[in-house]
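Notes for the one structure printed next.
In this note's numbering, the protein residues as written are 1 to 193.
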């Protein structure tokens, strides 16, 4: 019975993530209610080493992606890499591998780094594997998906490659579902391009 419940939960998550309408996005009504900002977080790079203080991205818009190597959306790595190469001076892309949806990111940090470099030439910052939903949700993703913390949004990732946009002051401004790509009109408007 417990197995059946787990399968139903995963199936529901899969369906909502895959078939989410491309227009499935939220925008900020009022940033004044936020408690904290992106700049309060420190994340460990995928290759290891000293944690990166996310305040280094002050003055730029930031796109945060929860990524996976064995997903139907994995090819988006190429889209986001091209976007970063073209617009990285104004908009930074940050990747956060997670194994929360369908077990589609089973690798170690080292394996993920090798996969991203070998297959997509990823040069945008990638951080160590975390949990983006659930009981062990990383504090960064808790902030991104908790209205009482970020001031307006309560949408957690529904699948791999969901996007959060943060403005130049560290405030969360938009949430986009997995299907949204960097050349979609609503995304480009969200980042001011």
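All C-beta atoms in this analysis are idealised placements derived from N, C-alpha and C, irrespective of residue type, glycine included. As the structure is a computational prediction, the values presented were derived from the model and not from experiment.
Annotated three-state conformation of residue 115 is helix, per DSSP. Residue 57: not part of any alpha helix (DSSP H); DSSP gives it neither H nor E.
Of the residues assessed, residue 69 falls on the buried side of the cut-off, its CB having 16 or more other CB atoms within 10 angstroms. According to the DSSP assignment, residue 149 belongs to the alpha helix (DSSP H) that extends over 147-150. Residue 97 carries a strand assignment under DSSP once its states are collapsed to helix, strand and coil. By DSSP's assignment, residue 122 forms no beta bridge with any residue.
By the neighbour-count definition (other C-beta atoms within 10 Å, threshold 16), residue 177 is a buried residue.
A residue is called buried when at least 16 other Cβ atoms come within 10 angstroms of its Cβ; residue 56 does not meet this threshold and is exposed. Comparing alpha carbon positions, the residue from 149, 141, 44 closest to residue 163 is 141. Between residue 124 and residue 93, the C-beta spacing is below 8 Å. Residue pairing from DSSP leaves residue 140 without any beta-bridge partner. The DSSP-derived three-state label of residue 61 is strand.
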